[in-house]
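S.K.: Residue numbers (our numbering), protein chains in the order written: chain P, -15 to 145; chain E, 1324 to 1449.
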């Protein structure tokens, strides 16, 4: 049943075209990397600020800007990643690395959504400039750092094993 | 400054992770294969052409070998198509085998089917 669905996806006309393309595949690949770069490149400084680095700069500047660029990067990475997945859906589904990576992405997104709720409830705008962030925020930021960097490394390993 | 030390530590951890990742056997390029020219003949079991590169599984005296052929444009350039790699076809592969001991994996420079040469890497000796 699942196998049939995966074969169906692989045989879709536009997926076959992508698999056999000269330029589209590397360009979609580049789009995926650009998305990951935006995502991780935003999330690392944001998490480090929440963990207590760069306290001389207002936390909300980090939150407001990097939350948006990271989310855009995630969206781009997911769209391009889904296309890359489709070209070899059965192989990827059978890969342990891929499954762990997907679990980490799911965990990372859930963690981000929870952090979003915590941010809404905790009035960190009202905190003094150099204040330490509330524990739930620091814990979420640390988890986020570990999860997204691990997902990136697993994604790269996928190409080699 | 304790914060600065934390940054260094994190930077070092990320760097270490990347070094570990790049030390893994890379299937792009030729670095993962031996320098020695290698030749093997077998019967096609299955073939999957397409990005990032095609993979043909061949049977050699009861053992399955995986042959890496080119990315789509490289296969198209010499006219190597899915039809020519249909099950049961005899194929001779010239290329380089994996440097990992016991791994039955070859990257093809040139393949021969029915006496016709398909030279995927004309710039390389094969």
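Ideal Cβ placement from N, Cα and C applies to all residues, glycine included.
Against chain E, which members of the region 104 to 137 of chain P pass a CB distance test of less than 7 Å?
M.R.: 133 and 137
S.K.: Counting pairs of Cβ atoms below 8 Å between the region 116 to 128 of chain P and the region -3 to 10 of chain P, do you hit three or more?
M.R.: no
S.K.: Given that a residue counts as buried once 16 or more other Cβ atoms are within 10 Å of its Cβ, and exposed if not, what is residue -5(P)?
M.R.: With a 10 Å radius around the Cβ and a threshold of 16 neighbouring Cβ atoms, residue -5(P) comes out exposed.
S.K.: For my contact list, residue 92(P) and residue 131(P) are in at a C-beta cut-off of 8 Å; report their separation, rounded to the angstrom.
M.R.: 4 Å
S.K.: Let me check understanding here. Comparing Cα to Cα, which of 1444(E), 1398(E), 1373(E) and 1351(E) lies closest to residue 142(P)?
M.R.: Here the closest residue by C-alpha is 1351(E).
S.K.: Skipping 5 residues on each side, what residues in its chain have a beta carbon closer than 7 Å to that of residue 68(P)?
M.R.: 12, 13 and 16
S.K.: Looking at C-alpha atoms only, which residue of 87(P), 42(P) and 70(P) is the closest neighbour of residue 108(P)?
M.R.: 42(P)
S.K.: Could you have a look at residue 1330(E) and say whether DSSP puts it in helix, strand or coil?
M.R.: helix
S.K.: Can you find a CB in chain E that lies within less than 9 Å of the CB of residue -8(P)?
M.R.: no
S.K.: In the DSSP assignment, the beta strand (DSSP E) including residue 1430(E) goes from what residue to what residue?
M.R.: Counting along the chain, the beta strand (DSSP E) containing residue 1430(E) begins and ends at 1428 to 1436.
S.K.: Using a C-beta cutoff of 9 Å, does residue 37(P) count as contacting chain E?
M.R.: yes
S.K.: At a cut-off of 8 Å, would you count residue 127(P) as near the ligand COA, judging by its Cβ distance to the nearest heavy atom?
M.R.: The ligand COA is absent from the structure shown, which contains no ligands of any kind.
S.K.: Report yes if the CB atom of residue 19(P) is closer than 9 Å to the CB atom of residue 50(P), and no otherwise.
M.R.: no
S.K.: Just to confirm the assignment: which complete alpha helix (DSSP H) runs, minimum length 4, are found wholly within the region 1365 to 1421 of chain E?
M.R.: For the alpha helix (DSSP H) assignment, the uninterrupted runs of no fewer than 4 residues enclosed by the region 1365 to 1421 of chain E are, from N- to C-terminal side, 1395 to 1401.
S.K.: Shorter than 9 Å from the beta carbon of residue 76(P) to some beta carbon of chain E?
M.R.: no
S.K.: Go through its chain and collect everything with a Cβ distance to residue 1436(E)'s Cβ below 7 Å, but skip five positions before and after it.
M.R.: Excluding residues within five positions, the ones whose Cβ falls inside 7 Å are 1407, 1412 and 1414.
S.K.: What residue range does the beta strand (DSSP E) around residue 1439(E) cover?
M.R.: 1439 to 1442
S.K.: Which one of -12(P), 111(P) and 29(P) has the shortest CA to CA distance from residue 53(P)?
M.R.: 29(P)
S.K.: Roughly how many angstroms separate the alpha carbons of residue 1440(E) and residue 1360(E), rounded to a whole number?
M.R.: 16 Å
S.K.: Our contact map puts residue 1410(E) next to residue 1379(E) with C-beta atoms below 8 Å; I'd like the distance itself, whole angstroms only.
M.R.: The Cβ separation is near 11 Å, so there is no contact.
S.K.: Within the continuous alpha helix (DSSP H) that includes residue 1424(E), where are the two ends?
M.R.: Careful: residue 1424(E) lies outside any alpha helix (DSSP H) and carries neither H nor E.
S.K.: Under 9 Å, Cβ to Cβ, is there at least one residue of chain E near residue 9(P)?
M.R.: yes
S.K.: Alpha carbons only, please: which of 71(P), 119(P) and 81(P) is nearest the one belonging to residue -11(P)?
M.R.: 71(P)
S.K.: Anything in chain E within Cβ reach of residue 5(P), meaning under 8 Å, just list it in chain order.
M.R.: 1374 and 1395
S.K.: Sort out for me which residues DSSP pairs residue 1363(E) with in a bridge.
M.R.: 1416(E)
S.K.: Based on DSSP bridge pairs, tell me the residues matched to residue 55(P).
M.R.: Per the DSSP secondary-structure output, residue 55(P) pairs with nothing in a beta bridge.
S.K.: Note down, in chain order, each residue of its chain lying with its Cβ closer than 8 Å to the Cβ of residue 218(P), except the 5 sequence neighbours on either side.
M.R.: No information on residue 218(P) is available, as it lies outside the stretch -15 to 145 that chain P covers here.
S.K.: Is the distance from the Cβ of residue 1434(E) to the Cβ of residue 1383(E) below 9 Å?
M.R.: Against a cut-off of 9 Å, the Cβ pair of residue 1383(E) and residue 1434(E) comes out as no contact.
S.K.: Quick check on residue 115(P): does DSSP put it in helix, strand or coil?
M.R.: Coil at residue 115(P), not helix or strand.
S.K.: Say whether chain E places a C-beta atom closer than 9 Å to the C-beta of residue 143(P).
M.R.: yes
S.K.: Please tell me whether residue 1389(E) has its Cβ less than 9 Å away from any Cβ of chain P.
M.R.: no
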